[in-house]
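Trainee:
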Amino acid sequence: MSRFNEYFLMKTEDVIDYVRDKLNIFPDNAQLSCVEIGDGNLNYVFRVEDVETNKSIIVKQAGVTARISDEFKLSPDRNRIETEVLILQGELAPGLVPQVILLDNTMSCCVMEDLRDYTIMRQALISHEVFPKFADHITTFLANTLLLTSDVVMDHKEKKKLVVNYINPELCEISEDLVYTEPFNDINNRNELFEANKSWIIENIYKDDALRLEAAKLKFEFMTNTESLIHGDLHTGSIFINKESTKVIDPEFAFYGPMGYDIGNVIANLIFAWVNADATINDEHKKAEYKDWLEKTIISVIDLFSNKFLDLWKINVNDKLAKENGFDRWYLNRVIQDTAGVAGLELSRRIIGLAKVKDITSIEDINKRVKAERICLSVAKDYIKNRSDFREGNDFIQALNNAERLFK
Ligand code: SR1
Ligand code: MG
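The sequence shown begins at 252 in this note's numbering and counts up one residue at a time.
1. Flag this pair as yes or no: are the beta carbons of VAL296 and VAL362 separated by less than 8 angstroms?
2. With burial defined as no fewer than 16 other Cβ atoms inside 10 Å of the residue's Cβ, what is the status of TRP581: buried or exposed?
3. Would you mind working out which of ASN558, ASP355, LEU376, PRO502 sits nearest TYR258, comparing C-alpha positions?
4. Whose C-beta lies closer than 6 angstroms to the C-beta of ASN395 among residues of the same chain, with five residues either side of it excluded?
5. What did DSSP end up calling SER359 once you bin it into helix, strand or coil?
6. What is the rounded straight-line gap between the Cα of TYR431 and the Cα of LEU521?
7. Beta strand (DSSP E) containing TYR269: first to last residue?
8. Measuring alpha carbon to alpha carbon, tell me which residue in ASP402, LEU325, LEU469 is nearest VAL593.
9. Listed by chain order, which residues have C-beta atoms less than 7 angstroms from any heavy atom of the ligand MG?
10. Taking the DSSP output, what are the residues bridged to THR487?
11. For SER193, list the residues DSSP reports as bridge partners.
12. Quickly, what does DSSP pair TYR295 with across the bridge? List them, please.
13. Ignore the nearest five residues each way along the sequence and tell me which others in PHE401's own chain have a CB closer than 8 angstroms to its CB.
14. Would you tell me roughly how many angstroms separate the C-alpha atoms of SER426 and ASN294, rounded to the nearest one?
15. Which of helix, strand or coil does DSSP assign to VAL351?
16. Have a look at ASN476, ASP640, ALA528, ARG331 and flag the residue whose alpha-carbon is nearest the alpha-carbon of HIS379.
17. Count the other CB atoms within 10 Å of the CB of ASP513; is the residue buried (16 or more) or exposed (fewer)?
18. Can you give me the start and stop residues for the alpha helix (DSSP H) that VAL593 sits inside?
19. Taking 6 angstroms as the limit between beta carbons, can you name the residues of its chain near LEU399, skipping five residues before and five after?
20. Could you name the residues that DSSP lists as bridge partners for VAL286?
21. Around the Cβ of GLY346, are there at least 16 other Cβ atoms within 10 angstroms (buried) or fewer (exposed)?
22. What number of angstroms, rounded off, separates the C-alpha of ASP321 from the C-alpha of ASP290?
23. What number of angstroms, rounded off, separates the C-alpha of PHE323 from the C-alpha of MET261?
24. For LYS405 and ASN569, I'd like the C-alpha separation in whole angstroms.
25. Taking 7 angstroms as the cut-off, is the CB of PHE471 close to at least one heavy atom of the ligand SR1?
26. Any heavy atom of the ligand SR1 closer than 7 angstroms to the beta-carbon of PHE426?
27. Does the distance from the CB of ASP589 to the CB of GLU472 come in under 8 angstroms?
Shown next, in the form of structure tokens:
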């Protein structure tokens with residue numbers, strides 16, 4: 252009887268046995284090595300390699316608590332959700348997610364292709380690399396996975412079955428708390444403010460009742476709008492990239508929620524890269540060039556998404572009433588407004604809350620980090636409070652440039 256018939260959290264030696272037991276990928280006599288390479292907040296990620304041929308695969312296992320803290324008790328069922336969603340997204344957006352090799356619900360783990368020729372996008376952006384094809388790739392991913400899983404396109408009963416299959420209460424609760432509730436007052440006592448910005452945040456964020464009211468509206472949109480099967484955590488740490496190709500990974504927060512949640516996360520994380528560049532590139536010409544590429548990318552993410560969404564709508568819409576003239580644009584406008592709101596929430600929570608991003612924490616100069624955080628929080632307030640004014644990519648950049656001017 253296999254020792255992998257009952258769940259336990261594996262160590263590297265176990266993972267080698269596991270791969271030999273479950274898969275026929277490596278020859279019986281192959282010498283295998285295994286290292287844990289995960290740097291996310293929740294799971295354990297192992298690379299298993301044939302030492303002789305360098306052929307490798309990834310084994311990802313979910314624990315019963317988050318890797319970042321035992322405070323978060325989490326069902327390992329998130330591994331099933333992640334793997335099933337990867338398979339579905341691979342059908343809807345071919346080539347834009349990694350290949351799944353195995354799903355094992357008993358061990359709460361999955362095996363997938365090793366993306367060795369790729370870098371985690373956050374790291375690459377911090378190193379100021381450009382990816383000219385990113386906007387095109389990510390907008391295909393967003394438009395396809397979001398619109399094609401919605402009621403606009405799907406048979407409504409089939410869609411409801413997916414809503415049930417992807418109920419993800421524990422991971423949703425993390426987002427409800429960390430993204431929506433906690434950044435706007437320290438209600439759970441978990442926020443981690445950068446000391447030099449503490450009083451500014453208390454004055455400009457915690458004391459802004461109108462901002463909290465808008466966050467409340469967005470929170471209940473997130474909790475009640477079963478619009479599309481969303482990725483649920485689409486930051487630049489969930490993207491593997493190189494010059495030619497983009498792969499979206501880690502959809503363990505996936506559930507049926509509002510489309511704008513995914514698009515807003517992409518926008519906010521490009522803005523983190525923008526403030527990082529502003530703070531860390533010394534050569535003024537290179538700084539301007541890199542910020543300009545990021546601005547153009549942000550504009551393209553919104554505008555290409557909108558074009559692809561409307562094109563896909565024309566071909567795929569099935570609901571009879573959704574074919575009504577003008578409904579597509581009305582619907583899209585709502586998604587873009589929600590995108591602005593979510594971008595503002597993500598910008599706020601990564602600075603105020605406990606789950607930080609390296610783009611900000613790696614800024615060593617205190618004054619430059621203060622400025623970077625204040626730009627993010629100022630544009631965040633604009634996105635959240637005035638979200639109904641946001642229609643096009645340019646609107647997002649104008650708000651960013653307005654926020655930058657406040658701290659010149
Ligand atoms: C306790 S988990 C903290 C954060 O890490 C994940 O990547 C999500 O973004 C979550 O909010
Ligand atoms: Mg993740």
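All C-beta atoms, glycine included, are put in the ideal place defined by N, C-alpha and C.
Mentor: For this structure:
1. In the sequence shown, counting from the first residue as 1, residue 296 sits at position 45. In the sequence shown, counting from the first residue as 1, residue 362 sits at position 111. Their beta carbons are not under 8 angstroms apart, which means VAL296 does not touch VAL362 by this criterion.
2. Translated into positions along the sequence shown, residue 581 becomes position 330. That one is exposed.
3. Walking along the sequence shown from the start, residue 258 turns up at place 7. Of the candidates ASN558, ASP355, LEU376, PRO502, the residue whose Cα lies closest to the Cα of TYR258 is ASP355.
4. The residue labelled residue 395 in the question sits at position 144 within the sequence shown. Here ASN395 has LEU343, ALA344 as same chain residues with Cβ atoms under 6 angstroms from its own Cβ, once five neighbours each way along the sequence are excluded.
5. Residue numbering aside, residue 359 sits at position 108 when the sequence shown is read from its first letter. Coil at SER359, not helix or strand.
6. Stepping through the sequence shown from its first residue, residue 431 is reached at position 180. Stepping through the sequence shown from its first residue, residue 521 is reached at position 270. Taking the straight line from one Cα to the other gives about 20 angstroms.
7. Residue mapping note: residue 269 aligns to position 18 of the sequence shown, counting from 1. Here TYR269 belongs to no beta strand (DSSP E); instead the alpha helix (DSSP H) covers 263–273.
8. Locating residue 593 in the sequence shown gives position 342, where the first residue counts as 1. For the residues ASP402, LEU325, LEU469, the minimum Cα distance to VAL593 belongs to LEU469.
9. My final list is GLY291, ASN292, LEU293, ASP484, GLY488, SER489, ASP501, GLU503.
10. Taking the sequence shown and counting its residues from 1, one reaches residue 487 at position 236. DSSP output for THR487 lists no bridge partner at all.
11. With the chain covering only 252 through 659, there is no way to say anything about residue 193.
12. Against the sequence shown, residue 295 aligns to sequence position 44. Per DSSP, the beta bridge partners of TYR295 are GLN312.
13. Within the sequence shown, numbered from 1, the residue matching residue 401 stands at position 150. It is worth fixing the name first, because residue 401 is Ser in this sequence and not Phe. Hits under 8 angstroms: LYS410, GLU478, SER479, MET510.
14. Working through the sequence shown from its first residue, we reach residue 426 at position 175. Working through the sequence shown from its first residue, we reach residue 294 at position 43. Computed Cα separation, rounded: 17 angstroms.
15. Taking the first residue of the sequence shown as 1, we reach residue 351 at position 100. Reduced to three states, the DSSP call for VAL351 is strand.
16. Locating residue 379 in the sequence shown gives position 128, where the first residue counts as 1. Here the closest residue by C-alpha is ALA528.
17. Numbered from 1 along the sequence shown, position 262 holds the residue referred to as residue 513. ASP513 comes out buried.
18. In the sequence shown, the residue the question calls residue 593 occupies position 342. Note, VAL593: alpha helix (DSSP H), 578–603.
19. In the sequence shown, the residue the question calls residue 399 occupies position 148. Hits under 6 angstroms: LEU343.
20. As a working mapping, residue 286 is identified with position 35 in the sequence shown. According to DSSP, VAL286 bridges with ARG298.
21. One-based indexing of the sequence shown puts residue 346 at position 95. Looking at its Cβ environment, which holds fewer than 16 other Cβ atoms inside 10 Å, GLY346 is exposed.
22. Locating residue 321 in the sequence shown gives position 70, where the first residue counts as 1. Locating residue 290 in the sequence shown gives position 39, where the first residue counts as 1. ASP321 and ASP290: Cα-Cα distance of roughly 16 angstroms.
23. Stepping through the sequence shown from its first residue, residue 323 is reached at position 72. Stepping through the sequence shown from its first residue, residue 261 is reached at position 10. The alpha-carbon atoms of PHE323 and MET261 are separated by roughly 19 angstroms.
24. Looking up residue 405 in the sequence shown gives position 154. Looking up residue 569 in the sequence shown gives position 318. Position check: residue 405 holds Met in this sequence, whereas Lys was assumed. So the two alpha carbons sit approximately 7 angstroms from each other.
25. Here residue 471 is taken as the residue at index 220 of the sequence shown, counted from 1. Relative to the ligand SR1, PHE471 has its C-beta separated by 7 angstroms or more from all heavy atoms.
26. Here residue 426 refers to the residue found at position 175 when the sequence shown is read from its first residue. The question names Phe, yet the displayed sequence has Ser at residue 426. Answer for SER426: yes, Cβ within range of the ligand SR1.
27. Walking along the sequence shown from the start, residue 589 turns up at place 338. Walking along the sequence shown from the start, residue 472 turns up at place 221. Cβ atoms of ASP589 and GLU472: closer than 8 angstroms.
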